[in-house]
Amino acid sequence: MPELPEVETVRAGLQRWVAGRRIAAVEDVHARAVRRHPGGASDLAAQLAGRSIESVQRRGKYLWLPLGAPDALAAARPALIAHLGMSGQLLVLPADTPPGPHLRARIRFADGGPELRFVDQRTFGGLRLDDLTDDGPTPVPVSIAHIARDPLDPLFDDARWIAAVRRRHTTIKRALLDQSSISGVGNIYADEALWRARLHGDRPTAGLTRAQLVELLAAIREVFAAALLAGGTSFDALYVNVNGQSGYFDRSLNAYGQLDRPCARCGTSIRRLKWMNRSSYYCPSCQRPPRAPRAS
DNA sequence: CAAGGCTCCTGATAGC
DNA sequence: TGCTATCAGGAGCCTT
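In the numbering used here, the protein residues as written are 40 to 335.
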């Protein structure tokens, strides 16, 4: 599942391979992939044709590609927004590569070089166009302005996040997954960061100390850094690495998916809790549950 | 307004 | 063999 490190790897790859190129045509656009674009597939294709991709930006798990306006006098500047969802990939491939079964859109370039393909098996991801608005040093699309800065953003305010979390009436894992409070953390890295910080995800946020939350933020950044190091090393060597796969980090996981395997710190078997149609993995010894431990 | 739950989707896998 | 049930889950949207 693409979370911040995977999306950042994709961003860097796209910056290397598609920034500065002019779009010739957009084809084979799957209706569900553009369900959040008001004008639908035909409008998306029409608006993209002829525009140049200026750069590739990211906040949390969202990517956007600011577009050069054909009309220099146009007030609004548009960007192509991409979200990978659960299974989305952005692939840069030679234009004659046969389309696979999950192709959702293909962007052809005026230079005739490799094209950009959006491939998404489970179709939770999508593409859309939106105008940029000012938000600090870097403009951000209007429709994702509600997404909080992520912990790798230099402008992320640690003290402010900690204070906000302690005022809320929820549990810490829910707070980590709330993209309007802190972005980029998904189910996998939430479990990994909580394991590192020795916190159970069901702990009420109001009962956590500032020191515990400082440690949790550090844990998130450590996990992100380790994943980026593992996944970001070879993106400019192969086109195929410009995608949303996270398999390279699987061997480094300490909690997520480790049911019944020994905790790397204390040897206790990792447990799983069912929660909201998904799973939480934790060490029952290192990460003491707030109440009586539930059955796994 | 905050919090929490529902839903979209498809392919792999398990169980009968 | 072939069917059904289960699981993976980001985030918009809806209800409470």
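No residue lacks a Cβ here, since even glycine has one placed at the ideal position from N, Cα and C.
Small disclaimer: the values here were computed from a predicted structure and weren't measured.
Worksheet entry | 4 or more residues per run - each alpha helix (DSSP H) lying fully within the segment 199–284 | 211–216, 226–235 and 249–270
Worksheet item: Taking the Cβ atom as the reference point for each residue, do Gly240 and Ile211 lie within a distance shorter than 7 Å?
Response: Along the first sequence, read from residue 1 onward, the residue named residue 240 stands at position 201. Along the first sequence, read from residue 1 onward, the residue named residue 211 stands at position 172. Yes, Cβ-Cβ distance for Gly240 and Ile211 is below 7 Å.
Worksheet item: Is the beta carbon of Leu119 sitting closer than 7 Å to the one on Leu155?
Response: Within the first sequence, the letter at position 80 stands for residue 119. Within the first sequence, the letter at position 116 stands for residue 155. No, these two residues do not count as a Cβ contact at 7 Å.
Item to complete: Given a cut-off of 7 Å, decide if Gly99 and Asp173 are closer than it, judged by their beta-carbon atoms.
Response: As a first step, residue 173 is located in the first sequence; it is residue number 134 there, counting from the start. As a first step, residue 99 is located in the first sequence; it is residue number 60 there, counting from the start. No. Outside cutoff.
Discussion item. Quick check on this structure: which residue in Leu53, Ser220 and Ser182 has the alpha carbon closest to the alpha carbon of Val95?
Written reply: As a first step, residue 95 is located in the first sequence; it is residue number 56 there, counting from the start. If we check each option's Cα against that of Val95, Leu53 comes out closest.
Fill in: Unbroken alpha helix (DSSP H) run spanning Asp82, endpoints
Here residue 82 refers to the residue found at position 43 when the first sequence is read from its first residue. Per DSSP, Asp82 belongs to the alpha helix (DSSP H) from Gly79 to Leu87.
Fill in: Three CB pairs or more closer than 8 Å across the segment 249–267 and the segment 65–80
no
Worksheet item: What three-state label does DSSP hand Gly127 in the structure shown?
Response: Numbered from 1 along the first sequence, position 88 holds the residue referred to as residue 127. Three-state result, Gly127: strand.
Fill in: Between the CA atoms of Cys322 and Pro329 - distance to the nearest angstrom
Counted from its first residue, the first sequence places residue 329 at position 290. Counted from its first residue, the first sequence places residue 322 at position 283. Each residue's alpha carbon lies about 13 Å from the other.
Practice prompt. Mind checking which residues open and close the alpha helix (DSSP H) that includes Ala51?
Written response: Mapped onto the first sequence, residue 51 falls at position 12. Start and end: Leu43 to Trp56.
Worksheet item: Can you pull the DSSP bridge partners for Ala96?
Response: Within the first sequence, the letter at position 57 stands for residue 96. Reading off the sequence, residue 96 comes out as Gln, not Ala. For Gln96, which the question treats as bridged, DSSP gives the partners Trp103.
Fill in: Beta-carbon proximity check, Tyr320 vs Ala303, cutoff 7 Å
Position 281 of the first sequence, counted from the first residue, corresponds to residue 320. Position 264 of the first sequence, counted from the first residue, corresponds to residue 303. In this structure, Ala303 does not lie closer than 7 Å to Tyr320 by Cβ.
Worksheet entry | Met315 versus Ala214 - alpha carbon distance | Counting from 1 along the first sequence, the entry for residue 315 is found at position 276. Counting from 1 along the first sequence, the entry for residue 214 is found at position 175. Computed Cα separation, rounded: 14 Å.
Fill in: Beta-bridge pairing of Ser308 - partner residues as DSSP gives them
Against the first sequence, residue 308 aligns to sequence position 269. DSSP output for Ser308 lists Pro301 as bridge partner(s).
Discussion item. Quick check on this structure: which residue in Gly89, His69 and Gly165 has the alpha carbon closest to the alpha carbon of Ile62?
Written reply: Reading the first sequence from its first residue, position 23 is the one you call residue 62. The shortest Cα separation from Ile62 among Gly89, His69 and Gly165 belongs to Gly89.
Fill in: Run of the beta strand (DSSP E) containing His122, from where it starts to where it stops
For the purposes of this step, residue 122 is identified with residue 83 of the first sequence, where counting begins at 1. His122 -> beta strand (DSSP E) spans Pro117 to His122.
Fill in: Reduced DSSP secondary structure (H/G/I, E/B, other) of Tyr287
Sequence index remark: in the first sequence, residue 287 carries index 248 (1-based). Unreliable positioning characterises Tyr287 in this predicted model, as indicated by a pLDDT of 49, which lies under 50. A coordinate reading is not provided.
Item to complete: Confirm, please, whether the CB-CB distance from Phe157 to Leu191 is below 7 Å.
Response: The residue labelled residue 191 in the question sits at position 152 within the first sequence. The residue labelled residue 157 in the question sits at position 118 within the first sequence. Not closer than 7 Å, so no.
Discussion item. Quick check: the Cα distance between Trp223 and Ile186, rounded to an integer number of angstroms?
Written reply: The residue you call residue 223 lines up with position 184 of the first sequence. The residue you call residue 186 lines up with position 147 of the first sequence. Per the sequence shown, residue 223 should be read as Gly rather than Trp. Taking the straight line from one Cα to the other gives about 9 Å.
Worksheet item: Per DSSP, Asp197 is paired with what?
Response: As a working note, residue 197 is residue 158 in the first sequence. According to DSSP, Asp197 bridges with nothing at all.
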